[in-house]
Every structure is written in structure tokens, then in C-alpha cells.
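To start, the structure itself, in C-alpha cells.
Protein chains: 2
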Amino acid sequence: MSYKHLSTSSDHASLISSYDTYLFDCDGVLWSGDEVIAGAKEVLQRLRASGKSIIFVTNNATKSRRAYLKKFQSLGIQADVSEIFSSAYASAVYLKHVLKLPEDRKVYVLGMEGIQEELEDVGLKWCGGTSPEDNVFLPTLDFTSLLQPEVIDGKVGAVLCGFDMHMSYIKLAKAYKHITRAGATSGSPQAGESGGACHFILTNDDSTFPAKGGPWPGAGSLSAPLVFSSKRTPTIIGKPHQHMLDCIEAVKPFDKSRALFVGDRLDTDIAFANKGGIKSLLVLTGISTKAEIDADGAEVVPDYLTQSLGDLLAAFQ
Amino acid sequence: MSYKHLSTSSDHASLISSYDTYLFDCDGVLWSGDEVIAGAKEVLQRLRASGKSIIFVTNNATKSRRAYLKKFQSLGIQADVSEIFSSAYASAVYLKHVLKLPEDRKVYVLGMEGIQEELEDVGLKWCGGTSPEDNVFLPTLDFTSLLQPEVIDGKVGAVLCGFDMHMSYIKLAKAYKHITRAGATSGSPQAGESGGACHFILTNDDSTFPAKGGPWPGAGSLSAPLVFSSKRTPTIIGKPHQHMLDCIEAVKPFDKSRALFVGDRLDTDIAFANKGGIKSLLVLTGISTKAEIDADGAEVVPDYLTQSLGDLLAAFQ
């Protein structure tokens with residue numbers, strides 16, 4: 015497989031004339047930590063001014079879309095909530111509209127506020143997550159508190175696992191009991207019932223999480239204990255998996271043949287675009303390197319390569 | 015493969031006459047939770063009275079051998095510390111005598127008191143584990159405390175991961191940094207150095223932990239985040255892996271051709287004996303069932319089967 019390395023103004027101009035919808039990964043593409051990538055803000059402005067559609071696609075499930083919007087605002091980047099698709103939001107949409115989890119069933123959360131707010135937004139109940147009783151350390155080798163009636167809540171119809179800096183043995187133990195109970199894999203949870211089927215969903219399976227001093231262990235690593243202990247295969251929502259794309263297309267339809275995905279990671283962003291039939295542009299301001307796509311036997315290769323999103327400014331000059 | 019189902023007194027007597035050393039898994043064989051398996055105590059007494067050697071082999075790394083001895087005593091079962099081999103003890107022996115970790119290097123522990131006490135017993139320093147600073151929840155999305163100088167201690171030369179009900183993101187993050195630092199896989203840590211090579215050891219990889227109300231997520235599940243995030247292959251000490259056997263043979267040599275392993279789990283106990291060239295007896299008072307070894311294509315099959323350890327009393331009557 016080969017890619018086009020964009021090097022001249024006309025390369026960039028030709029790219030912009032070929033696509034109407036631009037999907038952006040955020041961290042490593044628009045910003046790095048708390049610093050905007052040089053030129054990124056201006057490129058987005060020029061795209062908007064040219065009537066292009068913009069969509070932000072992030073696996074970061076720690077924040078709700080509304081909280082994520084504040085990050086855009088704090089960095090001075092124009093965005094609207096309707097343009098933001100996160101794995102937390104896509105997971106909530108998937109549980110509500112694809113799996114049709116009944117309103118009286120709860121979602122047991124291994125995760126943070128972002129997941130909880132998105133579940134609430136689609137009208138789903140949750141437990142676990144940031145609840146104080148699940149954010150403590152159990153006494154050593156004392157399982158007594160887990161054996162009380164209704165501690166393993168029979169109304170839970172799904173376990174949703176994402177990045178959680180307050181991961182605890184309590185949460186792992188409760189989630190394990192939900193996804194391994196009798197009938198857990200027997201289909202879909204029914205309204206009015208207790209126990210029975212229980213879905214097992216991961217927001218994303220990134221092995222690491224990008225933050226200051228990172229990488230640090232990521233959502234995929236934090237859900238590994240549940241996958242290993244339950245021996246179940248979870249449904250994974252975030253990039254490179256296609257449920258994220260299904261969610262975007264359902265909420266904000268676009269012409270895939272005129273769309274370009276811009277990302278910094280081969281294993282999530284570019285693989286996501288390739289699988290989804292969307293052209294892709296790799297930028298080198300994040301995780302992946304040119305050497306990786308130039309290597310013999312490279313399995314995931316973008317359609318285009320440029321150093322930085324800021325390079326696209328050349329197309330508008 | 016086929017096994018002999020012991021059903022008559024002469025079957026049992028013939029078994030006892032064939033072996034001189036008896037290796038026992040504990041939970042599910044000698045006891046279940048806090049209850050002794052009927053007849054188990056008496057069988058052990060008869061074996062001792064007949065001059066047989068007894069060895070206890072457990073993957074449970076939560077207690078030191080000394081603390082484990084108290085469990086034997088509380089249940090009225092005769093035992094000596096020199097007869098007890100746990101995955102915590104075998105891990106400490108492996109780090110000290112096989113890997114020869116220099117005395118000035120530390121072991122970063124994801125685990126509980128049992129591991130720490132065994133490390134101290136062989137003269138190795140540890141950090142992490144039950145240290146108060148690593149048993150707290152970090153503020154949400156705030157990695158600041160992990161970025162302070164020497165928080166990621168360069169004197170760590172090994173990460174040892176076992177069952178830990180106080181597993182925390184701090185411990186996962188620190189352990190991840192140790193096993194992925196520059197040179198981490200470059201050989202053996204050297205005395206006097208900081209950084210460089212760092213071993214990655216698991217006490218055992220049991221997916222679940224047996225306790226009241228269990229099974230619950232086990233040591234193998236709790237170490238899964240580190241395996242997934244670091245992409246390293248750890249050295250695994252406990253059954254069915256053979257480092258445990260190496261440790262027993264080094265400390266307490268015995269004639270393998272005259273030894274019998276008694277266990278309740280095919281995937282740990284019986285697989286351990288089969289790989290190690292030791293005959294095995296499966297009892298049905300724990301995890302595995304007769305149906306599993308009778309199934310077409312059963313991969314792990316014992317040499318002998320009996321319902322309960324207590325059945326062996328028949329051999330002495």
C-alpha cells in the first residue's frame with residue numbers, strides 16, 4: 015500500500031477541493047495536552063469559511079460532550095456540541111437506540127463523569143462509576159460487604175467500562191458478577207425483569223491514555239481484568255471499531271466518498287477510517303511516525319500524509 | 015487420554031503404595047473456605063504415620079507461608095512452614111536466587127502483605143504494595159503527583175504483581191512506567207544503577223479467586239492491565255507454570271517418579287503436574303468436574319480420579 019505525501023501548496027489545495035466533510039481526532043491533531051497545534055485553529059476557520067462540514071471524533075470518554083466543548087473553548091477553537099462525537103456519547107447512543115436497553119434497567123459503570131452524563135442525557139439510569147460506596151478500598155480479604163442483599167443489583171442490564179482513575183476492586187467484582195450471572199449472555203435484558211441478560215460494552219480499547227508525563231494505562235487496559243476473568247468478548251464502541259461510525263452516520267449523515275478523516279494514530283484513527291471506507295490523512299504531531307507506515311509489511315497506511323494539520327493553511331493562500 | 019477412577023479400597027491402597035511424596039493444592043482439596051474437607055485431616059495424619067513426605071503448593075499469594083501456617087493451625091491440620099510453597103514465596107525465591115536481583119534494587123509490588131513478607135524474608139526491598147501513598151485514589155485526570163521527582167523510583171529493578179484487593183490506578187501507573195522505561199527489557203538490573211532493566215513477574219495468572227460468594231476476579235485478571243498496556247510477556251511463577259516446581263525441587267528435592275500431585279483444578283493443578291512429569295489425582299471437592307475430563311477432546315486429564323481426598327482413608331483400613 016502507498017500513500018501520498020502532501021508537500022506542495024497545490025497538493026494541499028487539491029486535497030481540500032476533494033472533500034466536503036472533515037472528521038478530526040482531537041488530541042495529537044488539534045492540540046497536544048493543553049497546547050494548540052500551530053495553525054490548527056486557522057485551518058478549521060478556513061474550512062468553515064469554505065462551507066466544509068466539521069466533525070470531532072474522540073475516544074476520550076472521561077468528559078461528556080458538553081464538558082469537552084469547554085476544552086475547545088478554553089483553547090479558543092470554535093466548535094458546537096452537535097459536532098462532537100465521543101466514545102462515551104456513542105456508547106450511550108448504542109445502549110439506548112441499538113440495544114434498546116429498557117428504561118428501568120441500569121448501566122453499571124466503570125468510568126467517570128463523562129460516561130454518566132451521556133447516559134443520563136439519553137435517559138438511562140446508571141450505578142457504580144463515581145458513587146461513593148464503590149470508590150473505597152475493601153478491607154483485606156473481606157468480601158462480606160459484597161455479599162449483602164442487592165449489592166449486586168439485579169436491575170443492572172449492562173456493564174459499560176471506560177477510562178477510570180478510580181478503578182477499584184469493588185467495581186471489578188460487581189461488574190464481574192453482573193456479566194457472569196446466570197443468563198448474562200442469553201440475549202437482551204427485558205423491562206420489568208431482574209437478572210438475566212447483561213450486555214458488556216467498552217467505550218474504547220486504547221491500551222494507553224495520553225496525558226502529561228504519559229502515556230499512562232488506558233481504557234483498554236483498565237477493562238482487561240473483566241475480559242480476562244469473565245472470558246466474554248465485549249462490544250467495543252470507540253475507534254477503530256465501527257460502532258462509532260454507525261453513531262455518527264445515524265446522528266449526522268454525510269457523504270463518505272467526500273469525507274476525510276484526520277488523525278495521529280494508525281491503530282485507532284487510520285484503521286477506523288480505512289475500515290469505514292473513508293479516506294484518511296495522517297499527521298505526525300501525535301503518536302504514530304512516518305517510519306511506521308514506511309516499514310515493510312505496514313498493515314495500516316493512510317491515504318495522505320502531512321507533518322501537521324497547520325500545513326493545510328497552504329491550500330488557502 | 016484416560017484416567018483411573020479409584021473406586022475400591024485396593025485401588026486406594028495400591029495408589030498409596032506407589033508414591034512417597036504427596037503434593038497438595040489446598041483450597042478445594044484440604045478445605046473449602048473455612049471448612050475442612052471431610053477426612054482430609056485424617057488422610058494427612060495416616061500419610062505422615064506411614065513415613066510419606068508432604069508438600070503444600072498454593073497459588074494464593076495473599077499470605078506469607080508463616081501466615082498460611084496459621085490457617086492450617088486454625089483448622090487443626092498439622093503442617094510445617096518448610097512444607098508450604100506459595101506463589102509469593104516462590105516469586106521471592108525466583109527474584110533472589112534465579113534472577114539474582116541485587117540487594118540495592120527494589121521490587122515494586124502490586125499485591126498484599128504475603129508478597130511483601132516473603133520478599134523481606136529473602137532480603138529484598140520492596141515498595142508499592144500496602145504503602146499508604148499508593149493506596150489512595152488520585153484526583154480525577156490529575157497526574158501531577160505522579161510527575162514529582164523520584165515518584166517513579168529508579169531503584170526499582172522488578173515489578174511483582176499478585177492478587178491485590180487494593181489495586182489502584184497509582185500502582186498500575188507506576189508499575190507501567192517501570193516496565194516500559196528505556197532499557198526495561200535489556201537484561202538484568204545491575205547493582206548500584208538506577209533505571210535500566212526491570213523484570214516483570216506475576217505470582218500467578220488464575221483468572222478468578224476463590225472466596226466466600228466467589229469466584230471473584232483473581233491475580234491473573236488484576237495483572238491484565240499491565241500486560242495489555244506494556245505489551246510485555248511477564249514471567250509467571252505459580253501453577254501451572256514450572257517455576258513453582260523449580261522452586262520446590264531446589265528447596266526440597268524429591269523423587270518425581272514416586273510423587274503424586276493432588277488437586278481440584280485441571281487448568282492449574284493437573285496441568286502443573288502433567289507438565290512437570292508428576293502423576294496427578296483429581297478430587298471433585300473444588301472447581302473442576304468429572305464431565306470436563308470425560309468430554310471429547312479434553313486436553314488436561316489426571317492420572318487418577320476420586321471424589322474426595324477423604325476417600326484415601328480406605329487405603330489405611
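Residue numbers (my numbering), protein chains in the order written: chain A, 15 to 331; chain B, 15 to 331. Just so it is clear, CB atoms sit at the ideal spot from N, CA and C, and this is done for glycine as well.
Span separating the alpha-carbon of residue i from that of residue j
| i | j | result |
| --- | --- | --- |
| residue 50(A) | residue 143(B) | 39 Å |
| residue 285(B) | residue 314(B) | 6 Å |
| residue 148(B) | residue 233(A) | 20 Å |
| residue 273(A) | residue 131(B) | 60 Å |
| residue 248(B) | residue 329(A) | 50 Å |
| residue 203(B) | residue 283(B) | 32 Å |
| residue 116(B) | residue 211(B) | 12 Å |
| residue 62(A) | residue 95(A) | 16 Å |
| residue 59(B) | residue 300(B) | 21 Å |
| residue 277(B) | residue 331(B) | 23 Å |
| residue 103(A) | residue 238(B) | 26 Å |
| residue 223(B) | residue 30(B) | 31 Å |
| residue 126(A) | residue 88(B) | 43 Å |
| residue 254(A) | residue 205(B) | 44 Å |
| residue 219(A) | residue 86(B) | 43 Å |
| residue 133(A) | residue 145(A) | 15 Å |
| residue 304(B) | residue 320(B) | 10 Å |
| residue 318(B) | residue 280(A) | 52 Å |
| residue 174(B) | residue 230(B) | 21 Å |
| residue 215(A) | residue 105(B) | 35 Å |
| residue 326(A) | residue 165(A) | 54 Å |
Within chain A, the residues that residue i reaches when beta carbons sit closer than 9 Å
| i | result |
| --- | --- |
| residue 190(B) | 222, 229, 230, 231 and 235 |
| residue 161(B) | 226 and 227 |
| residue 183(B) | 178, 179, 180, 181, 230, 231 and 236 |
| residue 126(B) | 154 and 155 |
Listed by chain order, chain B residues near residue i by CB distance under 7 Å
| i | result |
| --- | --- |
| residue 174(A) | Per Cβ cutoff of 7 Å: no residues; residue 174(A) is ~17 Å from chain B at best. |
| residue 242(A) | 221, 234, 235 and 238 |
Unbroken beta strand (DSSP E) run spanning residue i, endpoints
| i | result |
| --- | --- |
| residue 293(A) | 293 to 297 |
| residue 86(A) | Run containing residue 86(A): none in the beta strand (DSSP E); it sits in the alpha helix (DSSP H), 79 to 88. |
| residue 123(B) | 120 to 124 |
| residue 213(B) | 213 to 216 |
| residue 286(B) | Where residue 286(B) is concerned, there is no enclosing beta strand (DSSP E), although the alpha helix (DSSP H) it sits in stretches over 285 to 290. |
| residue 242(A) | No beta strand (DSSP E) contains residue 242(A), which is instead part of the alpha helix (DSSP H) from 233 to 244. |
| residue 319(A) | 318 to 320 |
Residue i, buried or exposed, once every other Cβ within 10 Å from all chains shown has been counted against 16
| i | result |
| --- | --- |
| residue 119(B) | buried |
| residue 92(B) | exposed |
| residue 78(B) | buried |
| residue 297(A) | buried |
| residue 308(A) | exposed |
| residue 71(A) | buried |
| residue 191(B) | buried |
| residue 43(A) | buried |
| residue 84(B) | exposed |
| residue 302(A) | buried |
| residue 150(A) | exposed |
| residue 197(A) | exposed |
| residue 112(B) | exposed |
| residue 188(B) | buried |
| residue 32(A) | exposed |
| residue 124(B) | buried |
| residue 180(A) | buried |
| residue 217(B) | buried |
For residue i, the residue or residues it bridges with in DSSP
| i | result |
| --- | --- |
| residue 273(A) | 35(A) |
| residue 100(A) | 72(A) |
| residue 144(A) | Residue 144(A) is not bridged to any residue. |
| residue 50(B) | 45(B) |
Endpoints, alpha helix (DSSP H) assigned at residue i
| i | result |
| --- | --- |
| residue 194(B) | 183 to 194 |
| residue 128(A) | 127 to 135 |
| residue 307(A) | 304 to 308 |
| residue 172(A) | Segment 170 to 175 is the beta strand (DSSP E) holding residue 172(A); no alpha helix (DSSP H) there. |
| residue 8(B) | This structure cannot speak to residue 8(B), because chain B is shown only from 15 to 331. |
| residue 55(A) | 54 to 63 |
| residue 257(A) | 257 to 265 |
Closer than 8 Å at the beta carbon, the chain A residues around residue i
| i | result |
| --- | --- |
| residue 157(B) | 225, 226, 227, 228 and 230 |
| residue 239(B) | 231, 235, 236, 238 and 239 |
Under 9 Å by beta carbon: chain B residues contacting residue i
| i | result |
| --- | --- |
| residue 76(A) | 154 and 155 |
Residue i CB to nearest heavy atom of the ligand SAM below 7 Å
| i | result |
| --- | --- |
| residue 239(B) | Inclusion of the ligand SAM in the displayed structure is not the case, the ligand content being empty and no account of it being possible. |
Within-8 Å CB hit, residue i to chain C
| i | result |
| --- | --- |
| residue 186(A) | This model lacks chain C altogether; the protein chains it does include are A and B. |
Under 8 Å from the C-beta of residue i: neighbouring residues of chain B
| i | result |
| --- | --- |
| residue 88(A) | Chain B residues near residue 88(A): none, gap ~14 Å exceeds 8 Å. |
| residue 149(A) | 151 |
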